Every structure is written in C-alpha cells, then in structure tokens.
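Peer 1:
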Ligand code: GLC
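Residue numbers (the working numbering): 870 to 1423.
The structure is reproduced here in structure tokens:
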C-alpha cells in the first residue's frame, strides 16, 4: 500500500460523544492577551469588543475555552497584572457591559471564559495601598501589605535580602521611610495574606466574577501568596526566580493550600463545572501536584514541560514525570509551549537551548518546523493543553523591537530574569495588508514587523500546509478521537529509533522525530495528520527530521 498524505488533511474518524462532565480534563484552552488580540475602536490597543467580534474565529479554530489575561482597571505598570480595581474593566478595554456581552456570546457559541485573578499583589494605585501610603505609618491599611522598618542606623537598608523577579531589591521605601515588599515591580505591592480583610476581599471578588458568569480563574503567582513567618533572609538560597527555585521563604509555602481549599468550596457552590488553574512555578512537578489535590485547584500549568528543550530523552522524561505526579491526586496533566511571559516556541526552538527568554531570531525555518512538530506532540498527550494567541499562525517572537518601544517593566530593571516579554506580545496579524494587519484601524501599541501580513489569519486560511490549518485539523481530530487528549489513560512508549519518540494510546499512535535527519520506521497504522509532508509505503514510513505524525491504529 502506498499512503501519501498531505500534512493537514485529516482522515475522517467516527465522532464520539464526549462526557458532558469534567470538560476541563482534556480541554484546549486558548490564551488571549487582550491588549494585542483585536482592537475594535482604533486606539492601537486591543479591547473586549475586539475579542467578542473574533469569537467565531476561536470557535472555528476548535478550542474549548478562552483564558483572558487581565483587563481590569490598571495603570498598566505590568501589562494589567497591576490591578487597581478588581471589579472594574479598564476603560482602554471597555466596560463591564462589554465583559458581560463577551461572556454571553462565548457561551452562546459553546466557548467557556476563564479570567485572570491577581491575588499576590495589587497596583500601587489600588485604593488600599494609596491610602496606606497617604495616611502614613499609623494607617491600619498598612497591615494589608508588608510594610516594615528598614535595617541600618537610619533604616536605610531594606528589611531583608530578597530581590524582585524583575531585578533589583524586592523592597521600596515610602516617603515616610517605611519599606514595602514587592516580589515584582515597585508598582505591585504584595498583599499580606495573614490579614483577614485580604482573604475576605478575594472571596468577594471571586463571587463577583462567578456571578458575572465566568467559567473559571487562572490564578496569577498562585505559589506566592504566603510568605514565611518573619520574612527571613534568603541567605544561601537562590534569589527570586520563577522556575527552579529550591524552597524559599516567598514561594510555594505550604500555607497557600488552605487558601485554595477555601476558594474551592466557593467555586463548588456554583453550577456548571467552573475551574481554577494555577500559575505555580514550583521546583518539581511533584510540588506542582500539591496545588491540584481533589479539594484544591483543578489544573496547574506545566512550566517544566514548557522549559524542556527539543530533545527526545528530556521530553520523554518530563511527560512521564508529569503523568506520574498527577496520577496520585487524580488531576489531569497540562501541557503548554507558549504564553505572554516567555519567548514564543517557534523562536525558542530556532535557537540552541537557553531558557525561556531568547533574544535572537535563530533559524526561523527550523524553529517553525520544530514548533509545528512540538504542537502535534503536545496535543496528543493526555490532559489539557494551552495555546497562546498567534502560535496557531506560527508567529515568531519579535526579537528586534526598538528599546524605546518596549513596555515590559522587567526590561527597565537591571538584571531582571524576564526583560524580553514584549516580543511575544506584539499584536497579531489578521489580514495581509492594512495599517496594523487587521488588528485595528489605528496602528498598534507595539510595532509589528515587516512581513507580519504573510503570517496573518487571512493569508493562512484554507491554505494546505499552513500552520493555521494544521492547528484546525489537529483540534478537530482531537475532538473526534477519544484516544487523543483524554486524561487518565497512560502513554505506552515504543522504542523505535534513537531520537524518535513514539507512543500509543487507545486507537491512536504518535511518532515524533526529534532529530534533524530522516529515519525509516514501521508504520503503526494509518496517517491521520503530520506536521510536515510524509509518505508511508509498505508498512513503513520515512519520517522526516523534526516531524510529528499522528496515526489511527486498529
Ligand atoms: C505572572 C504573570 C506575569 C506578571 C507576573 C506578576 O507571572 O504571568 O505576566 O508579570 O505574574 O503579576
């Protein structure tokens, strides 16, 4: 038999009925960064109405839910992760009525909406913090944050040796001499979660958005809320890093779990299977599993997977470790390759392995080829997967933004570990031409590079082999084929060839050539989809380098 198969033409599969419950266990959740998705009013900044108008696109792409990064009232010191009012929409994004219309329309299309909750810190423009500063040292509102006297003769030294994730000390001095803690930018003071008013306020904020009809929350810095008693010095421990920390007095303290148990009880009062997903950067997947115990959160991002280089042995190790870690707590594993904080995977894989902030474009063709293969691998694994806006277009990071255009606060704080996050936040191209390639009528808050239009939705729609059509086909197959994605089932690895990952699930197989060179391997079934063109002959396949193939098996 000679099976020729174009890369993105799915073979029809019998459609099976999906369980109406536990939708989130194998959901594909699409992250929208509102500032950069679609601008309805031509001010150069995306908005809620822009998102609402593009919901049919997301439905057509085949995702189950949309997670919106923050759109709340904010001075935008950190792209909206500095919230001044948790119950208001920032005017640049619209109004609460726009949020309501977005939620209503999404539901009508069968899409769920997950909003971002930022409980570790507020904006320095939040009413509590403004008053805490204005009212001076005796203000009772100071106890809702971490105000401390400094060290040294005149209190001129910070209270401890912690550094901010964005670089520089994690403490800033108010005009009256007291210091306040901020694990991120100085405009993001950390809440004191020991204070009952803080806990009460967030329970109320949860209810506010649940009453608005949202289907869940992504919890920002979920591992940071509780600090060790007395805010002890780090001493010999690693300084603040999001990933790879050993146990520190500011991250992953056991006390956070009691907060999530309380929140879970609130969520469970509401109908419709609403969920929490934790942004918890912990040292190991085993520590991450603590956040998704049955009475806590539903999912946690798998940042260890996101940080794994394009290497067969490393990928297999992290897939096994993730599934093993989640099994005892009964939570689905999750998979993610890109988000608004890291260099897009098409650019990470275009460069030699080197962390999540890459500053060089690398070999773009190679990066895209690997990114497509990596996506098909991710979407074949059991559990829930996260897709970041624009990755379905194969967008690279924009690595050459002029410094004066940059807005990421960590770029401006020396030695911050992030710094280059603007490159993945450039507004996405919808059309081939136009002032901002269909993003809006009024330009774009970050400059879009030349050639952006060739990567647009318009340029890729209906084009065989385009990355957009690859995603559409993959998501349609995933929906139809229960062996794909469903949580709980194991992954059976086949040892086929060095550098090739091959695994089976009921009725389905996936082979990934993680090397750059073609290999001949036995064909485990009929080709369903491939990330680059393949040809299967007489029960064998020549698997090109950096390519993933999905198979239907008997
Ligand atoms: C999270 C967000 C990131 C933000 C930080 C501080 O890591 O994903 O964008 O800068 O929290 O809120």
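All residues carry an ideal CB built from backbone N, CA and C; glycine is no exception. Treat the numbers as computed from the prediction; the structure is a model and nothing was measured.
(1) Can you tell me whether residue 1049 is helix, strand or coil according to DSSP?
(2) Could you give the C-beta distance for residue 1181 and residue 1369, rounded to a whole number, given that I count them as a contact under 8 Å?
(3) Under the rule that 16 or more other beta-carbon atoms within 10 Å means buried, what is residue 1121, buried or exposed?
(4) Assign residue 1158 to one of two classes, buried (16 or more other C-beta atoms within 10 Å of its C-beta) or exposed (fewer than that).
(5) Just to confirm, is the Cβ distance from residue 1322 to residue 1298 under 8 Å?
(6) Give the DSSP bridge partners of residue 1454, in chain order.
(7) Alpha carbon to alpha carbon, what distance is there between residue 901 and residue 1007?
(8) If I'm right that residue 893 touches residue 1187 with Cβ under 8 Å, what's the distance once you round it to whole angstroms?
(9) What residue range is occupied by the uninterrupted alpha helix (DSSP H) comprising residue 1131?
(10) Are the beta-carbon atoms belonging to residue 1336 and residue 1241 less than 8 Å from one another?
(11) What's the gap between the Cα of residue 1101 and the Cα of residue 998?
(12) Taking Cβ positions, are residue 1313 and residue 913 nearer each other than 8 Å?
(13) Taking the CB atoms as reference points, tell me whether residue 983 and residue 932 lie closer together than 8 Å.
(14) Grab me the residues of residue 1031's own chain with a C-beta within less than 7 Å of its C-beta, minus the 5 sequence neighbours each way, in chain order.
(15) Assuming residue 1410 is part of the beta strand (DSSP E), what are its boundary residues?
(16) When you measure from the CB of residue 950 to every non-hydrogen atom of ligand 1, does any distance come out below 7 Å?
(17) Determine, for residue 1236, whether the minimum Cβ-Cβ distance to residues of chain C falls below 8 Å.
(18) Is the beta carbon of residue 1436 sitting closer than 8 Å to the one on residue 1217?
(19) Whose C-beta lies closer than 7 Å to the C-beta of residue 1190 among residues of the same chain, with five residues either side of it excluded?
(20) Given that a residue counts as buried once 16 or more other Cβ atoms are within 10 Å of its Cβ, and exposed if not, what is residue 940?
(21) If you follow the beta strand (DSSP E) that residue 1398 is in, where does it begin and where does it stop?
(22) If I follow the unbroken alpha helix (DSSP H) through residue 1077, where does it start and stop?
(23) Determine the DSSP secondary structure at residue 1462, reduced to helix, strand or coil.
(24) Cβ atoms of residue 1268 and residue 1303: under 8 Å apart, would you say?
(25) Whose CA, out of 891, 896 and 927, lies closest to the CA of residue 907?
(26) Hey, is the stretch 959-977 in contact with the stretch 1018-1029, meaning 3+ C-beta pairs nearer than 8 Å?
(27) First and last residue of the beta strand (DSSP E) that includes residue 1041?
(28) Nearest by alpha-carbon distance to residue 1169: which of 1124, 1253 and 1178 is it?
(29) For a test of your reading of the model: does the CB of residue 1053 fall under 7 Å from any non-hydrogen atom of ligand 2? Yes or no.
(30) Which residue from 1193, 1080 and 1117 puts its Cα closest to that of residue 1138?
(31) Let's test the definition: count the other Cβ atoms within 10 Å of the Cβ of residue 1234 and tell me whether it reaches 16, buried, or not, exposed.
(32) Roughly how many angstroms separate the alpha carbons of residue 1156 and residue 1201, rounded to a whole number?
(33) Below 8 Å on the Cβ atoms is my guess for residue 1391 versus residue 1409; work out the distance and round it to an integer in Å.
(34) With a 10 Å radius around its C-beta and 16 neighbouring C-beta atoms as the bar for buried, classify residue 1004 as buried or exposed.
(35) Consider the C-beta atom of residue 987 and the heavy atoms of ligand 1; say whether any pair is separated by less than 7 Å.
(36) If we ignore side chains and look at the alpha-carbon of each, how far apart do residue 959 and residue 994 end up?
Peer 2: Answer, in terms of the structure:
(1) Strand at residue 1049.
(2) Indeed, because the Cβ distance is near 7 Å, the residues count as touching under 8 Å.
(3) When all chains shown are included, residue 1121 counts as buried.
(4) A residue is called buried once 16 or more other Cβ atoms fall within 10 Å of its Cβ, and residue 1158 is buried on that count.
(5) Yes, Cβ-Cβ distance for residue 1322 and residue 1298 is below 8 Å.
(6) The first residue shown for the chain is 870 and the last is 1423, placing residue 1454 beyond what the model contains.
(7) C-alpha of residue 1007 to C-alpha of residue 901: approximately 42 Å in a straight line.
(8) Between residue 893 and residue 1187 the beta-carbon gap is near 21 Å, outside 8 Å, which marks them as no contact.
(9) Note, residue 1131: alpha helix (DSSP H), 1125-1138.
(10) Judged by their CB atoms, residue 1336 and residue 1241 are nearer to each other than the 8 Å cut-off.
(11) Going from the Cα of residue 1101 to the Cα of residue 998 covers about 23 Å.
(12) Yes, the Cβ-Cβ distance between residue 1313 and residue 913 is below 8 Å.
(13) The criterion of a C-beta distance shorter than 8 Å is not satisfied by residue 983 and residue 932.
(14) In chain order, 1039, 1103, 1109 and 1119 place their CB closer than 7 Å to the CB of residue 1031, counting only its own chain and leaving out the 5 sequence neighbours on each side.
(15) Residue 1410 -> beta strand (DSSP E) spans 1409-1412.
(16) Residue 950 has its CB nearer than 7 Å to a heavy atom of ligand 1.
(17) Included in the structure is just one protein chain, with no chain C present.
(18) This structure cannot speak to residue 1436, because the chain is shown only from 870 to 1423.
(19) Closer than 7 Å at Cβ, skipping near neighbours: 1154.
(20) Counting every other CB atom within 10 Å of its CB across the protein chains shown gives residue 940 a total of 16 or more, marking it as buried.
(21) Element bounds for residue 1398: 1395-1399.
(22) First-last of the alpha helix (DSSP H) with residue 1077: 1065-1081.
(23) The requested residue 1462 does not occur in the structure, where the chain is confined to residues 870 to 1423.
(24) No; because the gap between Cβ atoms is not below 8 Å, this pair is not in contact.
(25) Nearest C-alpha to residue 907: 927.
(26) With a cut-off of 8 Å, the stretch 1018-1029 and the stretch 959-977 do not count as touching, because too few Cβ pairs lie within range.
(27) Where residue 1041 is concerned, the enclosing beta strand (DSSP E) stretches over 1040-1042.
(28) With distances taken between Cα atoms, residue 1169 lies closest to 1253.
(29) Only ligand 1 can be found as ligands here, which leaves ligand 2 out of the picture.
(30) Taking residue 1138 as reference, the option from 1193, 1080 and 1117 with the minimal CA-CA separation is 1080.
(31) Label assigned to residue 1234: exposed.
(32) Distance between the alpha carbons of residue 1156 and residue 1201 is about 15 Å.
(33) Residue 1391 to residue 1409, Cβ: 6 Å. Contact.
(34) Counting of Cβ neighbours within 10 angstroms places residue 1004 among the exposed residues, the total staying below 16.
(35) Checking the Cβ of residue 987 against ligand 1 gives yes.
(36) Between residue 959 and residue 994, the C-alpha separation is close to 13 Å.
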